[in-house]
Amino acid sequence: MAQKTVYFIEGDGIGPEVWGAARPVIDGAVQKAYGKSNKLVWEELLAGQKAFKEVGEYLPQATMDVLAGAELAMKGPLGTPVGKGFRSLNVTMRQAFDLYACIRPIRYFDGIESPVKHPEKVDMVVFRENTEDVYAGIEYASGTPEAKRLIDFLRSELKADVDAAAGIGIKPMTERASKRLVEKAIRYALDQKRSSVTLVHKGNIMKFTEGAFMNWGYEVAREKFADEVMTEAELETGAKPVVIKDRIADAMFQAVLQAPQDYDIIATTNLNGDYISDALAAQVGGLGLAPGVNKSDTLSLYEATHGTAPTIAGRDKANPGSLILSGAMLLEDIGWHEAADSIRGAVNKAIAAKRVTVDLAMQISGAETVGCKEFGEILLANL
22 MAQKTVYFIE
32 GDGIGPEVWG
42 AARPVIDGAV
52 QKAYGKSNKL
62 VWEELLAGQK
72 AFKEVGEYLP
82 QATMDVLAGA
92 ELAMKGPLGT
102 PVGKGFRSLN
112 VTMRQAFDLY
122 ACIRPIRYFD
132 GIESPVKHPE
142 KVDMVVFREN
152 TEDVYAGIEY
162 ASGTPEAKRL
172 IDFLRSELKA
182 DVDAAAGIGI
192 KPMTERASKR
202 LVEKAIRYAL
212 DQKRSSVTLV
222 HKGNIMKFTE
232 GAFMNWGYEV
242 AREKFADEVM
252 TEAELETGAK
262 PVVIKDRIAD
272 AMFQAVLQAP
282 QDYDIIATTN
292 LNGDYISDAL
302 AAQVGGLGLA
312 PGVNKSDTLS
322 LYEATHGTAP
332 TIAGRDKANP
342 GSLILSGAML
352 LEDIGWHEAA
362 DSIRGAVNKA
372 IAAKRVTVDL
382 AMQISGAETV
392 GCKEFGEILL
402 ANL
């Protein structure tokens, strides 16, 4: 028997609902494809509100210890209060386990009535650097002693023009983190026979962080992939499997609307990646159909890419599609391609039949709205 252990965290808000709908579909796809020869073994870990209720901690050390030695894990959305309270659990786990690559494939499912004219041209994979940038959490509130000391230093020692009353943050970015992210994106492009990798940055303004990301990206392309990668300037002089490009972030938002067929793999910084992956998801149906994974060199943590949606929690309205399609990514990554394809096919069938959760029903004329639990049952029957 081929057996894989997957650790799971239910998540907060709608997390238990989407998890309850997702797991039977993922298990069903494995059983449908392989009978009893392949199996996922699920083991629960505590994090978020459930962990706090049971053990008094949002991120127990026992959970961290298990994940430190794990290969595969999945989680629902975890909540973080805005502007107060504990540091983001998601960011904490990314940094603690060096989950440096957030990978999000975005593609169109036929039948969704997208706000753009040609959503079928969207077929991109975003590689978002996951450990640095403003998410590194070096930030001080306006008026605090820490902010005052830092501003005084910047003004007196570096002659920087900073308002004394400002809140202030620091944006760290390193050559090591940038290069390994771009290297992972290029290797993926070559393995999957994709045609281009585009470095997305705001280097025209932030020259020594965002601009450095671009430069380091081109450097790793030259250093490790000289025989396989070429720049746009080299297109007329020869042919290699992958073209490496770069685009200013704000221009890229326009480009993926006007000419999505020109872009394939996107490698970008942390904040830019957050923005553009959500914007691309909106072009093809929203976050309910957007899977994702955070990867280190040893651990892959697959997750729902949406939030906890507290206003609909417990009301059977959530779309479990993001978590289910993240499960398909997991199956693809461990080589169980038939099961992964079965899940994607089941989603296609559900959309074609127009029996979907409310977020998708609002985008499909004549659709019947079903609940979270029933949508999972429909996908299970469609496998």
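Residue 404, in our numbering, is where the sequence shown stops; the numbers in between run on with no holes. Don't be surprised by glycine CBs; every beta carbon is placed ideally from N, CA and C.
Meets three-Cβ-pair contact criterion under 8 Å: the segment 313-332 and the segment 28-38: yes
Any beta strand (DSSP E) of 3 or more consecutive residues that is wholly inside the segment 305-376: 312-316 and 321-325
Integer-rounded CB distance, given that G309 should sit under 8 Å from L381: 6 Å
Beta-carbon contacts of Q116 that lie in its chain and below 7 Å, excluding the five residues immediately before and after: T152
Spatially closest choice to M194 from V27, P281, N236 and E38, by CA coordinates: N236
Selection from A168, D154, L351 and F73 that minimises the alpha carbon distance to A233: D154
Beta-carbon proximity check, T290 vs E64, cutoff 7 Å: no
Test item: CB-CB of G132 and E160 under 7 Å: no
Boundaries of the beta strand (DSSP E) in which V39 is found, first to last residue: Element bounds for V39: not the beta strand (DSSP E) but the alpha helix (DSSP H), G36 to Y55.
CB contact flag (A181, L175, <7 Å): yes
Span separating the alpha-carbon of E204 from that of V241: 7 Å
Local Cβ density within 10 Å of G104, reported as buried at 16 or more and exposed below that: Reliability of the predicted coordinates at G104 is poor, the pLDDT of 47 falling under 50, and the value obtained from them is presented with this limitation in mind. By the 10 Å Cβ count, G104 comes out exposed.
Span of the alpha helix (DSSP H), counted from its first residue to its last, around Y28: Run containing Y28: none in the alpha helix (DSSP H); it sits in the beta strand (DSSP E), A23 to I30.
E196 versus Q52 - alpha carbon distance: 44 Å
As assigned by DSSP and simplified to three states, the class of F130: coil
Three-state class that DSSP yields for Y161 in the structure shown: strand
Beta-carbon proximity list for A428, same chain, < 8 Å, skipping 5 on both sides: Because the chain is modelled from 22 through 404, residue 428 falls outside the range shown and cannot be assessed.
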